[in-house]
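Enquirer: For the sequence shown, our numbering begins at 2 and goes up steadily by one. C-beta: ideal position from N, C-alpha, C; glycine also.
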Amino acid sequence: MPVLPLQTPALVLRSLNFGEADRIVTLLGRDTGKVSALARGARKSVRRFTGLGSAALGLATLRERGGDLWSFEAFEVSKPRTELAADLVTAAHGAYACELVERLCASHQPDPETFAWLDHMLDLLTQRPASAERLRAFELGLLERLGLAPGIHRCDGCGRLDMPLTGGRWIPETMTLLCRDCGSRGTPLAGAVVAALVRLSTVALEGAETEPLPAAVNRACRNLLGPVIEHHVGGPLKSWEFLMKLSQGAARAASPLPADRNKESPV
Numbered sequence: 002m003p004v005l006p007l008q009t010p011a012l013v014l015r016s017l018n019f020g021e022a023d024r025i026v027t028l029l030g031r032d033t034g035k036v037s038a039l040a041r042g043a044r045k046s047v048r049r050f051t052g053l054g055s056a057a058l059g060l061a062t063l064r065e066r067g068g069d070l071w072s073f074e075a076f077e078v079s080k081p082r083t084e085l086a087a088d089l090v091t092a093a094h095g096a097y098a099c100e101l102v103e104r105l106c107a108s109h110q111p112d113p114e115t116f117a118w119l120d121h122m123l124d125l126l127t128q129r130p131a132s133a134e135r136l137r138a139f140e141l142g143l144l145e146r147l148g149l150a151p152g153i154h155r156c157d158g159c160g161r162l163d164m165p166l167t168g169g170r171w172i173p174e175t176m177t178l179l180c181r182d183c184g185s186r187g188t189p190l191a192g193a194v195v196a197a198l199v200r201l202s203t204v205a206l207e208g209a210e211t212e213p214l215p216a217a218v219n220r221a222c223r224n225l226l227g228p229v230i231e232h233h234v235g236g237p238l239k240s241w242e243f244l245m246k247l248s249q250g251a252a253r254a255a256s257p258l259p260a261d262r263n264k265e266s267p268v
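(1) Could you pull out every residue in the same chain whose Cβ sits closer than 8 Å to the Cβ of Gln8, ignoring the five residues on either side in sequence?
(2) Taking a contact to mean a Cβ-Cβ separation below 7 Å, would you say Leu58 touches Ser79 in this structure?
(3) Looking at C-beta atoms only, is the number of pairs between the region 171-180 and the region 155-163 that lie closer than 8 Å three or more?
(4) Along the chain, which unbroken stretches of the beta strand (DSSP E) at least 3 residues long are found entirely within the region 68-156?
(5) Any idea if Asp261 is buried or exposed, counting beta-carbon neighbours within 10 angstroms, 16 or more meaning buried?
(6) Starting from Cys193, trace the alpha helix (DSSP H) in both directions and tell me its first and last residue.
(7) Label Asn18 either buried or exposed according to how many other C-beta atoms from any shown protein chain fall within 10 Å of its C-beta, with 16 as the threshold for buried.
(8) Nearest-angstrom Cα distance between Thr211 and Gly192?
(9) For the alpha helix (DSSP H) that contains Val218, what are its first and last residues?
(10) How do the region 185-203 and the region 134-143 stand: do at least 3 beta-carbon pairs fall below 8 Å, yes or no?
(11) Determine the closest residue to Gly68 out of Leu225, Leu39, Ala75, with distance taken between C-alpha atoms.
(12) Using 7 Å as the threshold, is the C-beta distance between Val102 and Ser55 below it?
(13) Buried or exposed, going by whether 16 or more other CB atoms sit within 10 Å of the CB of Glu242?
(14) For Pro259, which residues from the same chain have a beta carbon less than 6 Å from its beta carbon, with the 5 sequence-adjacent residues on both sides left out?
(15) I need the straight-line Cα distance from Ser108 to Ala43, nearest angstrom please.
This is how it looks when you write it as structure tokens:
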């Protein structure tokens, strides 16, 4: 019996040319989860595959082929999001969000919450300037939705909850915090850093930048989350490396300004 095609709202995470006319596309389908699919003739058939660019949202028609690679039969775009490419930092945030979801999500496991989280992040990038606060909130929210969140809300030893006031110590091996009474090892974290992580782990994406992060606090949050993410994805992300180059370039360009200015870069 032939396998019937199915349709699902889908986000384009990645698209690679294959052969002379085809593409292999990685999608996050609302009803299918992450799927890699072969789009035959996608580079020539504008009618069947309109707007098939990274971060685009549309209605995908898919068919299982009996293996990991599905057949991608059509894509009707609803949000092409081509405006993301107009700004380098915005484009980098969008690419990072898509790659992070691609690397963290398991294949063929529908996850409407993660689908909505990424879609909302990409929507905001088309409406507002990219910001470090929103990027941290996206990272923390995604890890939470996938059951991979670091233990930042309480001491892993005694359970105390006041570390946003007192600070604590970050234990990289267990990705948890200890209060000062429970141990002297690990990396010291100031209370302001813990408070920022706790707030950004629960805030809505559109509200993340209502409390701007001082540059030093953002760097500390970024330095904590970077290794956590790399641990879960099994290696560095190309888009993350590019974001770091952007951050370094922004820091060099801003060198005449005070080191503790409010924002060094939206990364």
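Expert: So, to answer that:
(1) Leu60, Ala61, Thr62, Leu63
(2) yes
(3) Between the region 171-180 and the region 155-163 there are three or more C-beta pairs closer than 8 Å, enough to call the two in contact.
(4) The qualifying runs are 70-80, 152-156.
(5) Confidence at Asp261 is low in this model, with a pLDDT of 42, below 50, so its placement is unreliable and no value can be given for it.
(6) Reading off the sequence shown, one finds Ala at residue 193, where the question assumed Cys. Unbroken alpha helix (DSSP H) run through Ala193: 192-201.
(7) exposed
(8) 19 Å
(9) 216-234
(10) yes
(11) Leu39
(12) no
(13) exposed
(14) With a pLDDT of only 46 at Pro259, under 50, the local geometry of the prediction cannot be trusted, and the value read off the model is given with reservation. Result list for Pro259: empty, nothing under 6 Å.
(15) 22 Å
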